[in-house]
Structure formats: structure tokens, C-alpha cells
Amino acid sequence: MPVIHYIQADGAEYEADVAVGSTVMQGAVDNMIDGILAECGGSCSCATCHCYVDEAWFGKVGEAGATEKTMIEMAMDPQPTSRLSCQIKVTEELDGLVVRLPESQY
Amino acid sequence: MQKVIIIGSGHAAAQLAPSLRKQGWKGEILIIGDEAYIPYQRPPLSKEFMVGKKTDDEILIRPLSAYGQHDISFKLNETVVKLNPLENTLTLSTGESIGYDRLALCTGARTRKIPIPGSELEGVFYLRTIDDVKGIKHTLDAGIKGRAKKSVNTGDSANVVIVGGGYIGLETAAALRKIGVHVTILEMQDRVLARVTAPEVSEFYQRVHAEEGVQIHIDSIVSHIEGEGQVSVVHCKSGERFDADLVIIGVGVVPNVELAEEAGLLVDNGIVVDEFGQTSVSNIFAAGDCTSHPNALLADSLTNGRLRLESVPNAMEQAKTVAASICGQSLPYASYPWFWSDQYDLKLQIAGLSQGFDQVVIRGDHKNSRSFVAWYLKQGKLLAADCVNRPKEFLVAKKLLSRGDIVDPDKLVDESIDPKTFLQ
Ligand SMILES: Cc1cc2nc3c(=O)[nH]c(=O)nc-3n(C[C@H](O)[C@H](O)[C@H](O)COP(=O)(O)OP(=O)(O)OC[C@H]3O[C@@H](n4cnc5c(N)ncnc54)[C@H](O)[C@@H]3O)c2cc1C
Ligand code: FES
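Structure follows, in C-alpha cells:
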């Protein structure tokens, strides 16, 4: 199973096995990793699953859709590698992915 | 060892249990639920799950193993029938009695039943649980088998009659149109979504559903349902009749407060809690759809200062508050409600609570397009925004609400102005 590294704003690091086909958001929720709220359960409606994809990985996670892009623009502290983690599907290629979580989702 | 028992295994419970661990609760955590499943997402039931795009496992909030890792245990298929607050025990339907140190009521709500003749016929459904949707799907499949979506009664495309034009009814209609059945909505008010939106928004949804082939009948009060064993016709008081292979009734919910009420806890359209999620008994807490709670941020909209909400974000927020309270910390609940509804290509996101508005202004063309915002104001102050395919305005509205900023209504509707600038 691909391993995903979640780094919280205070530097705390978590590693989680996340099944192929699941999402980076779901991996955090399953493992009760704070920093991802995911209020809408992954329907791209809340922007409370915002994360920063590590630069080395940004090209591998796919492109954000139009709604996601707009939501990111309005999220707290958006950065060039910002994504909504519920929209990143986990694949074998993402084994080792590193994402950083923002200080706050609001 | 100290023990927390959570009654109800829904969205609030799924947040409360892990939050207790995060806040440092070292004792036992037991969730008792009367459904057969560990907590799952209800919103997809009327959306992706209804049309088979998601499986049971895919709508679980998290897998069972995740709870195991945090030493959270379940008793499923078990109903709590009595609370004994003086002894700190509860009683299950099996007669078993279990003791607790702290209790959290996360009993949610159940569908409102309409007492009309024929509502017990086969093929008549309500919609709240996975099992409800499985029943609906099974009936459709039985009628459809082999011959694309054929009605068992007439041999034509199956007819589904939805009673109630609220969000759940409309979402279900949208989902069912995707699989090509005939859908009729019967709404007793003079417009859909009458309880929760402005007339402009109702008008918009009625137009889109008509464009998508749904028959909406307003001012239609169902008098009885006809059928021999299996439903066949829905009759309205007006005398109108509608052929039906399947009837789905979505006329709202009632909070599950009886346990609390019988135990002497304060109940007022929901289990009464304070901003810390505490009920009138000090070691009993409550969160989610079953609560009547204060919200300091909404003083302008609330008549008696209390509110009962039916939404996932509210259940999650309240659960976090209760987790903190149980662990001896303080995280008073005060947040702006928000909600979403997905139908066809429409993503509706609602920020705030429109209740009590005295003015609505529309940004965009709700009459001809599928993208607009209805801003709700009271004495010039923003209360809420219904945003259809307008994710930017939605997030701007959320921020405006939390900052309490006043924006000139002329600006709110001016499409030449980037909504982002409202925040400056
Ligand atoms: C079809 C549908 C679509 C929805 N769509 C949305 C949406 O898009 N967005 C949104 O925000 N919200 C939506 N909602 C509302 C949302 O699902 C609820 O607000 C949420 O489930 C509330 O969580 P809860 O934990 O308070 O209650 P629930 O999820 O209802 O959980 C309560 C649980 O407690 C159990 N229980 C009750 N009494 C007892 C007892 N005595 N003993 C044991 N168990 C008991 C119940 O059976 C239930 O399993 C939707 C709801 C439905 C039905
Ligand atoms: S979980 Fe809501 S947008 Fe990702």
C-alpha cells in the first residue's frame, strides 16, 4: 500500500498506509491526523481539506479541476502547490508522497 | 477505568470518539448504535450512493480498523431504551444494563412519517439510512430487471413519485433521472424548498428540474396511496392521481429526543444543551441533529436564542465541543452554519442561516443560467448566501460572515466586481 507522509503545521510528522483508489484526504481521516477537517466528506464543497503538496511531488498528483482551483484561491494561505486533498486520488506512483497541512482550514 | 458511552453511531459519534482520544481521554469509549453499520456518510445516500456510484465501504466515514487502533469499541444493532441518570446506567432493548461515567447522546433524527392510508404498502420508502436506499434500489431493480427501467405496473419506464420538495427530495429526483426513470415531485407548499430558501432560489430549482424532465406539482397534498400489496397510484386531495411503482417520502425529520425526555432531561425541539454541549444533567452531553443549542453568532436570526440544525458540519463541530467538555477543556460552540447540495451539474453551497432576512439580492442570472448567488440580508447585514456553481462567492460569504463586514448590496450583485474585493 502506498505510504503517505503528512506533516502538520507544527512540524509533527505522520506516515499512513493509504489504499490505491482512496484519497489523500481519506488517508488523513482514517488515521485521525489533525489538520484536515473534510467537512463535506470529499465532495469538493468545503475546502477544509486544503494541503500543500511537496514540490518534488506536485507534478505527479494530477491537475486541479476548475471548482477546486477557485476554492483553493479563496482558502487560507494558498500557495503554488496547494491542493484540496480529497481531490488527490492515491495511486501506486504516489507511494512516498509528502503533503504539508496548513495551520488552519478557516 | 472511566467510561464514556456514545449513543448513536452517526456523523456526530464518528467525530466525537476520535476527538476524545485527541483531547487525551484515556478511559473506555463505547459507541452503541441501532443500525448494523459503523458510521457512514449520509449525504451520498441521496446522491452518488443512490445511483450505485459508491459502495457501502466507500461511504464509511473511516474503516473499522481505524477505530480499533484508537481503542474505540462498538455495539451495533443494539437500541438503548432507557437512561437512568441517577445510577449512571442505561438499558438496552435486550434488558442488559451498562454503566457509564459520561454519556453523549448522538441520536440524530428520524424521518417524519405521514399518517396517510396506503403508506404501509410495499414500494413506499422513507430515506435516512443505507438500508432505506438499498430497499429503493432493490425495488427499482426488481421492476427494471432485463427490460431497461420498465415499470412492473404498466410496462413503460418506471414511475417514481417523490413526496416533498426539500433538499433530499430534489437530490433524489436528480439522482434517479440519471438512471432514466420518470420522476414526479409532489410538494404541498406553493414552491419547493419553501422552508429554507427565497422564492428566487425555489423558482430556479423548479426550472432546472423541469429542464431535466422532472414533473413538479406544487400545492399538492397527498391524501392516500393506492395499491394491492404493491403501490400503484398516489392520490392528492385535489383529486389528481399519479401512477407510481415507487414512492419516496421526504417530508423532514424529527429529532430523537425520547430517551432524554423520559429521563427528565430538558427538551425543547431537541435535547437542550449549552454552548459546551452539556445537557441539563452534568455528566450527559449531546451533539448533532438531536440538539437544541445556542449560537452566539446568530443572535440576529434566532428568536429564542436556540437552534436545531440538520447538517454534517454542525454535527462535527458540536462533537468536538463535547469531546473538549468531557476532557475538562473548554471549546464553546459558536460557528456559522453551512450546507451543500449536489444536483445534476449544480453545486449549491450555502453559507450562514437565512432565517429572518428582510432583503434578497441576486448576483447572476437565476432565470436563464445555472450559476448565481442569492445574498440574504437583514437591515443591510449579510445573514447568508445560497451559491449555485459559485464556489468563490461561497468562500467569500463565509469569510464576510465571520468578519461581520458590511457590503453594499449594489456591489454584491455587480458581476464586474471580483467578489474577492468584498473582503478588503
Ligand atoms: C439522504 C440525506 C442526505 C443528506 N445530505 C446532506 C448534505 O448534503 N449535507 C449535510 O450537511 N447534511 C446532509 N444530511 C444531513 C446529515 O446526514 C445529518 O445532519 C447528520 O447525519 C447528523 O449526524 P448525527 O450524528 O447527529 O445523526 P445521525 O447521523 O442521524 O446518527 C444518529 C444515529 O443514532 C442512532 N440512534 C438513535 N437513537 C438510538 C438509540 N436509542 N439507540 C441506539 N442508536 C440510536 C440512529 O439510528 C443513527 O444511526 C443528509 C441526510 C440525509 C438522510
Ligand atoms: S473534503 Fe470538502 S472539499 Fe475536500
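Keeping their order, the protein sequence lines are chains A and B.
Numbers in our numbering are just positions in the first sequence, counted from 1, shifted up by 6.
Numbers in our numbering are just positions in the second sequence, counted from 1, shifted up by 394.
Every residue gets a Cβ at the ideal spot worked out from N, C-alpha and C, and that includes glycine.
Interface partners of residue i on chain A, CB under 9 Å
i, result
"Val398/B", "Here the premise fails: no neighbours, minimum Cβ distance about 16 Å."
"Val706/B", "Glu45, Cys46, Gly47"
Contact check, residue i vs residue j, beta carbons under 8 Å
i, j, result
"Val667/B", "Ala680/B", "yes"
"Thr76/A", "Lys786/B", "yes"
"His603/B", "Leu660/B", "no"
"Gly646/B", "Thr501/B", "no"
"Val105/A", "Val30/A", "yes"
"Glu620/B", "Gly512/B", "yes"
"Arg571/B", "Glu514/B", "no"
"Ser686/B", "Ile665/B", "yes"
"Val627/B", "Phe636/B", "yes"
"Pro649/B", "Ala503/B", "yes"
"Ser724/B", "Phe670/B", "yes"
"Val527/B", "Val616/B", "no"
"Asn689/B", "Ala728/B", "yes"
"Leu521/B", "Ser632/B", "no"
"Ile13/A", "Leu100/A", "no"
"Cys684/B", "Val651/B", "yes"
"Tyr112/A", "Gln85/A", "no"
"Ile610/B", "Asp584/B", "no"
Cutoff 7 Å; reference residue i; Cβ partners in own chain excluding five residues on either side
i, result
"Ile800/B", "Gly774, Lys775"
"Ser705/B", "Pro731, Phe733"
"Ser796/B", "Tyr730"
"Leu740/B", "Val602, Arg764, Val782, Asn783"
"Leu414/B", "Val398, Ile423, Ala717, Ile720, Cys721"
"Gly540/B", "Here the model assigns Gly540/B a pLDDT of 37, short of 50, so the residue's position is not dependable, and the following value carries that caveat. For Gly540/B, where only same-chain residues beyond five positions count, there are no Cβ hits under 7 Å."
"Gln672/B", "Phe679, Ser719"
"Tyr738/B", "Ala568, Val602, Glu606"
"Glu61/A", "Thr87"
Contact set between residue i and chain B, taken where Cβ atoms lie within less than 7 Å
i, result
"Thr87/A", "Simply none; closest approach about 19 Å."
"Ala53/A", "Leu789"
Nearest candidate by alpha-carbon position, reference residue i, set the options
i, options, result
"Ile744/B", "Cys52/A, Cys57/A, Gly41/A", "Cys52/A"
"Leu486/B", "Leu497/B, Arg496/B, Thr473/B", "Thr473/B"
"Pro457/B", "Lys528/B, Ala408/B, Arg436/B", "Ala408/B"
"Gly798/B", "Asp694/B, Ile530/B, Glu597/B, Leu470/B", "Asp694/B"
"Ser765/B", "Asp662/B, Gln749/B, Arg784/B", "Arg784/B"
"Asp450/B", "Arg702/B, Ala690/B, Ile432/B, Ser459/B", "Ile432/B"
"Val755/B", "Lys572/B, Gly462/B, Thr591/B", "Thr591/B"
"Leu587/B", "Ile573/B, Ala536/B, Leu424/B, Gly644/B", "Gly644/B"
"Gln600/B", "Trp419/B, Asn762/B, Tyr434/B, Leu414/B", "Asn762/B"
"Lys469/B", "Gly427/B, Pro593/B, Gly559/B, Leu454/B", "Gly427/B"
"Ile466/B", "Ile811/B, Arg436/B, Trp419/B, Arg522/B", "Trp419/B"
"Ser551/B", "Glu452/B, Thr523/B, Asp613/B, Thr578/B", "Thr578/B"
"Pro803/B", "Val518/B, His611/B, Gln753/B", "Gln753/B"
"Val26/A", "Ser110/A, Glu109/A, Gly102/A, Glu69/A", "Gly102/A"
"Glu481/B", "Asn677/B, Leu701/B, Tyr770/B, Ile811/B", "Asn677/B"
"Val711/B", "Leu771/B, Leu410/B, Gln463/B", "Sequence inspection shows Glu at residue 711/B; the Val mentioned does not correspond to that position. When each option's Cα is compared against that of Glu711/B, the closest is Leu410/B."
"Gly404/B", "Tyr434/B, Gln417/B, Lys416/B", "Tyr434/B"
Contacts that residue i makes with chain B (C-beta to C-beta distance below 9 Å)
i, result
"Glu61/A", "Those within 9 Å of Glu61/A in chain B number zero; the least Cβ separation is about 25 Å."
Same chain only: Cβ atoms within 6 Å of residue i, ignoring 5 sequence neighbours per side
i, result
"Ala22/A", "Ile10, Gly33, Asn37"
"Lys397/B", "Gly421, Glu422, Tyr494, Asp495"
"Phe598/B", "His760"
"Asn471/B", "Ala430"
"Cys55/A", "Met31, Ile42, Ala44, Leu90, Ser91, Cys92"
"Tyr561/B", "Ser735"
"Ala81/A", "Ala53, His56"
"Ala542/B", "Since pLDDT at Ala542/B reaches only 41, below the 50 mark, its modelled position is unreliable, and no value is offered."
Contact list for residue i against chain A, beta-carbon separation under 8 Å
i, result
"Pro437/B", "Cys46, Gly47, Ser49"
"Lys416/B", "Met38, Asp40"
"Tyr412/B", "Sequence check: residue 412/B is Pro here, not Tyr. Here the neighbours are Met38."
Chain-ordered chain A contacts of residue i [CB-CB under 7 Å]
i, result
"Met710/B", "Glu45"
"Pro433/B", "The contacting residues do not exist; Pro433/B stays about 11 Å from chain A at best."
"Pro785/B", "Thr73, Thr76, Met77"
Contacts around residue i, its chain only, beta-carbon distance under 8 Å, and the 5 residues preceding and following it disregarded
i, result
"Phe816/B", "Val790, Leu794, Asp799, Val801, Lys805, Leu806"
"Val24/A", "Met7, Pro8, Val9, Ile10, Val30, Gln32, Gly33, Asp36, Val96"
"Phe519/B", "Asp526, Gly529, Ile530, Thr533, Leu640, Val641, Ile642, Ile643"
- request: Give, in chain order, every residue of the region 29 to 46 of chain A whose Cβ lies closer than 7 Å to some Cβ of chain B.
  value: Sequence-ordered contacts of the region 29 to 46 of chain A with chain B read Val35, Asp36, Asn37, Met38, Asp40, Glu45, Cys46 [C-beta pairs closer than 7 Å].
message: So if I threshold CB-CB distances at 7 Å, which residues from the region 787 to 810 of chain B count as touching chain A?
response: Flagged, chain order: Leu789, Val790.
message: Give me the subset of the region 729 to 748 of chain B whose CB atoms are less than 8 Å from a CB atom of chain A, sorted by chain position.
response: Trp732, Trp734, Asp736, Lys741, Gln743
query: What residues from the region 456 to 470 of chain B come within 7 Å of chain A, judged by C-beta to C-beta, listed N to C?
result: Arg456, Pro457, Ala460, His464
- prompt: Quick one, which residues of the region 77 to 104 of chain A are near chain B if we go by CB-CB under 9 Å, in chain order?
  reply: Met77, Glu79, Met80, Ala81
- prompt: Can you list, in chain order, the residues of the region 630 to 653 of chain B whose Cβ is nearer than 8 Å to any Cβ on chain A?
  reply: Within the region 630 to 653 of chain B, no residue has a Cβ that lies closer than 8 Å to any Cβ of chain A.
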